[in-house]
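S.K.:
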Amino acid sequence: MKFKRMLFGVLLYAQMLQLFSQQTNQKLEISLIDPFGFPIEHATIFTQDTQFSASHHPGGIYSLILPINRQHTLLIRAQGYVSQVLEYEYAGLDSKRMALVLTSLGHESGAAPSQEAFLMSETAVAALSDDAPAGFLLQATRDVFVASAAFDFSQAFFKPKGLDSKYGKVFLNGIEMNKYTHGRPQWSDWGGLNSLTRNQEYTHGIQSNQTDFGGLLGTTAIDLSPSKQRPGLNFSTALSNRSYALREMLSFVSSQKNGLSYSLSGSIRRAKRGYQQGTPYSAYSAMGSIEYQWPSKFHQTSLSVLHTYNQRGRSAALSTEVVRLLGRDYNPYWGMYQGKLRSSRNKTLSQSMFIFNHSYERDAFGFSVALSYNQGKDFRDRLAYFNAANPDPIYYKNLPSYYLNSPIGANFYSAQTAREALLAAPQIQWDRIYAANKNQLGEGQLPYVVTGDQMQERQWSFVARWFWKPLPDHEFDAGISIRVNPTDYFGQIQDLLGGQGQLDIDPFSQTRNDLKGDLIKKKGDYFGYHYQLKTHGERAYVQWRHNGRRWDAFASLTAQRLSSSRRGLMQNERYLNNSLGQGPTKSFNTRQIKSGLSYKFNGKHWLSLTAMSGSEPPVLSQWYVNPRDHGLLSPNISPEAHVFIEANYYLRAPKLMGRFNVFYGRFKDQTSLRFYFAETAFGSDFVQEWVQGQQSTHKGLEFGFNYKLSSAVQLNFSGSLARYQVANNPNLSLFFDPDPLEIAPINTGGQIDLGAVQLAQTALPQGPSRAFSLGVSYRDPKYWWLTMSFNSLGLSYVGPSYLRRTAQFSLDPIYDPSDLTDLEKPADLKQRSLPNFILVNLVGGKSWLKQGRYVSVFLSVNNLLNTYYRTGGYEQSRKAYLQVYNEDQRGGTPSFDTKYWQGSGRTFFLNLMLSLPPNKLKKSKKQSL
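Here the sequence shown stands for residues 0 to 928, numbered as in numbering that gives the first Met the number 0.
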């Protein structure tokens, strides 16, 4: 009897347990729509305290099975929309359903209407080799720190973690956009197509991502698929005093019919001048994309075609002397000719791309293939002079300091005369240049010619990726990519300025640049140099991810092979045996590995630790010492090695959200290649400065938090405090053309090893290493909003002169350094930071939505208080030994002083946008934002 009662109790308990288990997990349905009422079908919803998630649901309805009687933190993400965190307590037993409207990033954030809304002066573009501003990040993430870096800190060319943009990977429909030449993505390749490129997914730092292995700085994946865009017509017009004055964009995305959808977009941007005088701007862009979703719903095929063109005038870095005379906004690269402004230095970029994609996706398996072909050019022209006076108004012989620092003593009269002449004619005198060309000394001996340096690239790319999910909490993905890139580099005559032809010779040695070509070159002819680099790259990666209730983990490995060879297309008289023809192939094999571990305390707090180690090939622009003239490889060039570690703390509470990050990185075998004229203790020449074996460290912290004071008011606080330093004394070598006619040549071998550069503990010129921002945002229920931010930036350093920090600097061709008096000893070469500064930015807007018609207007003002600041600079290396350096310091204003990039004053960006859905999808009911 006792046994029967016990058995009955066990069965009753089991039955109750089964009933309880059935009733403690119930279904929650969430319907996601955009401001127009269209379903959002490509979102991801997951709980931060469990393993439950949902993604990619047709009709925009997502289902989750959640335990009842407990609070859940739901994180909702969708490309192109603001991520939302929802605190939800499920107390009932019945299925629940709720609707949620996600706000479009393109509509909500006036802070970053596009990456082009941010001013990037041409001086900085030249200095950073087309290092794009960080404004694009706002379109891909709502991380508070990244948002501050994009909008508030980018004006001072702040670099997160002190890393160059080449460490961040960008993919367009799966195709890598980082250039082999300099390693960076060139955002102008798809500039002006904001409406169709805003669908971006950004992975911060070295976290795992589903696109590729990724980079140290993160990964941005841009999806052009029409099915991922919001259907309808979008028109916007913008006014600005930054890079361009007017921008107009028009785009249309069709609704899907019989599995077919397409998108079209076009834009123009133009200005007679940018922020600085003499920087005209002209750009246009066009794109079309078509996609077919197969009846099975598992296959998608698409083709995208785009073309962009961008031309702008350039500006220059300025010394303190020039700023005092002519102001911070002065630009020497222009003048008036026949009543019109004409720039002496322009940059033209154009790019055409064709991308084919096919993908197959199931819940547990998928693959994708991408094929692309692109061709483009990078053309930079300049006013060149031959056996004539330098036409640059601020050439050092035109400045007062040249006469104050004279070796025979200060000439105050000539200095005052030079000052008055410069103030009277501060721009290029085009009339005098044309007049000089009419009086040329002989055939082909023009004093002035507009020449240009052009790069014409072609690239074929193939990418294949696989995805496999064998278990609910385990994922694998892998991929391979192949890129073939033949690129031509050549000089070209752009304008003979009234002349008929020009001798293609080196003006110093009087030797021919093109022995097998015509001696006198005409407009459009190759001039000075012509060669091709054929580059071939292969890369593969594999990745594993585990997503658990408490622990997440990932590990990834990539291997790469990069090969290139030079083919000379001109025979240079100075290098008869090493300039023409096919050269040897150089290859680099590299590997990288990264891994990470995360622990979730609950839905509000979690920690992550990630690490990355390995090496990458050097950028192609550093493989050859002087590829224009010959095929000599840079000596001892090797892959750059790195180790990088990050730790993140995340907080996701209803009122307080943010992230705190600490990082440490060490780089080895870094290289650099610079070109300039130098006066050394061994002689004077135009040199190529090759530095190899440099090590550097990056360590610091970053944070960003926002706190909701109310439903309408929010505080943002973010910042970075770091130290970026050279960790050793790298080696420096100089290369030059051995000129038999030079009175004081460096040597006759064309190369000299100057040994170690005293750089240990020197700060890297990577923008501000201290940056803090405090912002206040107000969002009114009537759909207008205003944000003001106060930003403090500092600890920026100029680029040091490497040559002045070698042992040869203390040598003197005449005097023994031990005999020098104190007055003759060099000034303190200790590196100093630029002055700290505070910037105030303001952005606001208003939007209307009625019957599916959306109108928005916003205005952003940078540097509201018109603060004067410098974004960076570099020490000039011309005076490279003790005697001439001291002579240049004699008058108190060096002729070859440090040059600085000047920060912009008050700038604005005003944008008006109109969005209309397709007629058959119009909503008659007003939707809330």
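Heads up, the beta-carbon is just placed ideally off N, CA and C, and yes, glycines get one too.
1) Give me, in chain order, the residues of the same chain whose beta-carbon lies closer than 6 Å to that of R778; leave out the 5 immediate sequence neighbours on both sides.
2) Which residue's Cα is closest to the Cα of K521: L733, V797, D503 and V642?
3) Does DSSP put F152 in a helix, a strand or coil?
4) Are the stretch 466-477 and the stretch 500-520 in contact at 8 Å, needing three or more beta carbon pairs?
5) Can you tell me the Cα-Cα spacing of R290 and S260, whole angstroms?
6) Would you kindly work out how many angstroms separate the C-alpha atoms of A420 and I427, rounded to a whole number?
7) Ends of the alpha helix (DSSP H) at V145?
8) Can you look up W333 in the DSSP assignment and give me helix, strand or coil?
9) Expressed to the nearest angstrom, what Euclidean distance is found between the alpha-carbon atoms of Y796 and Y873?
10) Once DSSP output is grouped into helix, strand and coil, what is the label at R313?
11) Looking at N571 and H988, is the spacing between their C-beta atoms short of 8 Å?
12) Identify, in the order they occur along the chain, each residue of the same chain with its Cβ nearer than 6 Å to the Cβ of G265, setting aside the five sequence neighbours on each side.
13) What does the alpha-carbon distance come out to for the pair Y782 and S914?
14) Do Y598 and W550 have their CB atoms nearer than 8 Å?
15) Among all the DSSP beta bridges, which residues are the ones paired with A270?
16) With DSSP collapsed to three states, give me the class of F779.
17) Quick one: what does DSSP say T319 is sitting in, helix, strand or coil?
18) Nearest to G902 by CA position, among L263, R327 and T892, is which residue?
19) For the alpha helix (DSSP H) that D430 lies in, which residues bound it at each end?
20) Near D380, which residues of its chain fall below 6 Å by C-beta distance, leaving aside the five closest residues on each side in sequence?
21) Buried or exposed, going by whether 16 or more other CB atoms sit within 10 Å of the CB of Y867?
22) In three-state DSSP terms, what is A417?
23) Just tell me which of S562, V541 and S371 has its CA closest to the CA of H535.
24) Taking the continuous alpha helix (DSSP H) assigned at L195, which residues delimit it?
25) What are the uninterrupted segments assigned as beta strand (DSSP E) that are 3 or more residues long and contained completely in the stretch 821-887, given in chain order?
26) Name, in chain order, the residues that DSSP records as bridge partners for E615.
27) Can you tell which of F662, P469 and F666 has the C-alpha that lies nearest to the C-alpha of P617?
28) Return the bridge partner residues of F659 from the DSSP annotation.
29) Helix, strand or coil for F378? Go by DSSP, reduced to three states.
30) Checking 8 Å against the spacing of the C-beta atoms, do L398 and S894 come in under that value?
31) Applying the criterion that 16 or more other CB atoms from any shown protein chain within 10 Å of the CB defines a buried residue, is M335 buried or exposed?
32) In chain order, what residues of the same chain lie with their CB nearer than 6 Å to the CB of A244, ignoring the 5 residues before and after it?
33) Taking the beta carbon of F600 as the centre, do at least 16 other beta carbons fall within 10 Å, making it buried, or is it exposed?
34) Shortest alpha-carbon distance to P471 belongs to which of D362, I354, P834 and G844?
35) How long is the line joining the alpha carbons of S253 and S262, rounded to whole angstroms?
36) Our contact map puts G699 next to F662 with C-beta atoms below 8 Å; I'd like the distance itself, whole angstroms only.
M.R.: Once the coordinates are examined:
1) Sequence index remark: in the sequence shown, residue 778 carries index 779 (1-based). The residues are A711 and W784.
2) Mapped onto the sequence shown, residue 521 falls at position 522. The option with the nearest alpha carbon to K521 is D503.
3) Within the sequence shown, residue 152 is the residue found at index 153, counting from 1. Reduced to three states, the DSSP call for F152 is helix.
4) no
5) As a first step, residue 290 is located in the sequence shown; it is residue number 291 there, counting from the start. As a first step, residue 260 is located in the sequence shown; it is residue number 261 there, counting from the start. Per the sequence presented here, residue 290 reads as Glu, with Arg not at that position. Using only the alpha carbons, I get a separation of about 5 Å.
6) Position 421 of the sequence shown, counted from the first residue, corresponds to residue 420. Position 428 of the sequence shown, counted from the first residue, corresponds to residue 427. Those two C-alpha atoms are separated by around 13 Å.
7) Residue numbering aside, residue 145 sits at position 146 when the sequence shown is read from its first letter. Element bounds for V145: V143 to S147.
8) Within the sequence shown, numbered from 1, the residue matching residue 333 stands at position 334. Strand, per DSSP.
9) Position 797 of the sequence shown, counted from the start, is the residue given in the question as residue 796. Position 874 of the sequence shown, counted from the start, is the residue given in the question as residue 873. Approximately 9 Å between the Cα atoms of the pair.
10) Within the sequence shown, numbered from 1, the residue matching residue 313 stands at position 314. It is coil, neither helix nor strand.
11) Lying before the first or after the last residue shown, residue 988 is absent from the chain, which here runs from 0 to 928.
12) Your numbering for residue 265 matches position 266 in the sequence shown. For G265, where only same-chain residues beyond five positions count, the Cβ hits under 6 Å are L249 and A285.
13) Stepping through the sequence shown from its first residue, residue 782 is reached at position 783. Stepping through the sequence shown from its first residue, residue 914 is reached at position 915. Going by the C-alpha atoms only, they are around 16 Å apart.
14) Locating residue 598 in the sequence shown gives position 599, counting from the first residue. Locating residue 550 in the sequence shown gives position 551, counting from the first residue. Their beta carbons are under 8 Å apart, which means Y598 touches W550 by this criterion.
15) Against the sequence shown, residue 270 aligns to sequence position 271. A270 pairs with Y280.
16) The residue you call residue 779 lines up with position 780 of the sequence shown. A small fix is needed here, since residue 779 is Asp in this sequence, not Phe. Note: D779 maps to coil in three-state DSSP.
17) Numbered from 1 along the sequence shown, position 320 holds the residue referred to as residue 319. T319: helix per DSSP, three-state reduction.
18) In the sequence shown, the residue the question calls residue 902 occupies position 903. Of the residues L263, R327 and T892, the one whose Cα lies closest to the Cα of G902 is R327.
19) Here residue 430 refers to the residue found at position 431 of the sequence shown. Note, D430: alpha helix (DSSP H), W429 to K437.
20) As a first step, residue 380 is located in the sequence shown; it is residue number 381 there, counting from the start. Correct list, in chain order: N345, V449, G451 and Q493.
21) Taking the sequence shown and counting its residues from 1, the one referred to as residue 867 is at position 868. Exposed, because fewer than 16 other Cβ atoms sit within 10 Å of the Cβ of Y867.
22) On the sequence shown, residue 417 is found 418 positions in, with the first residue counted as 1. Residue state, collapsed to three classes: helix.
23) As a first step, residue 535 must be located in the sequence shown, where it is residue number 536. Ranking the options by Cα distance to H535, first place goes to S562.
24) Position 196 of the sequence shown, counting from 1, holds the residue named residue 195. That run of the alpha helix (DSSP H) goes N193 to T196.
25) With a minimum length of 3 residues, the continuous beta strand (DSSP E) runs that stay inside the stretch 821-887 are 836-849, 852-861 and 869-873.
26) As a position in the sequence shown, residue 615 is number 616, starting the count at 1. E615 pairs with E639.
27) Working through the sequence shown from its first residue, we reach residue 617 at position 618. It is F666 whose Cα lies nearest to the Cα of P617.
28) Mapped onto the sequence shown, residue 659 falls at position 660. Paired residues: Y648 and F702.
29) Residue mapping note: residue 378 aligns to position 379 of the sequence shown, counting from 1. Here F378 sits in strand by DSSP.
30) For this step, residue 398 is matched to residue 399 along the sequence shown. For this step, residue 894 is matched to residue 895 along the sequence shown. Cβ distance < 8 Å, so L398 and S894 count as in contact.
31) Here the question's residue 335 lines up with position 336 in the sequence shown. Label assigned to M335: exposed.
32) On the sequence shown, residue 244 is found 245 positions in, with the first residue counted as 1. Counting only Cβ-Cβ distances below 6 Å, and skipping sequence neighbours, we find A270.
33) Locating residue 600 in the sequence shown gives position 601, where the first residue counts as 1. By the 10 Å Cβ count, F600 comes out exposed.
34) As a first step, residue 471 is located in the sequence shown; it is residue number 472 there, counting from the start. Cα-wise, what sits closest to P471 is D362.
35) As a working note, residue 253 is residue 254 in the sequence shown. As a working note, residue 262 is residue 263 in the sequence shown. So the alpha carbons of these two residues sit roughly 6 Å apart.
36) On the sequence shown, position 700 is the one that residue 699 refers to. On the sequence shown, position 663 is the one that residue 662 refers to. With a Cβ gap of about 6 Å, G699 and F662 count as contacting.
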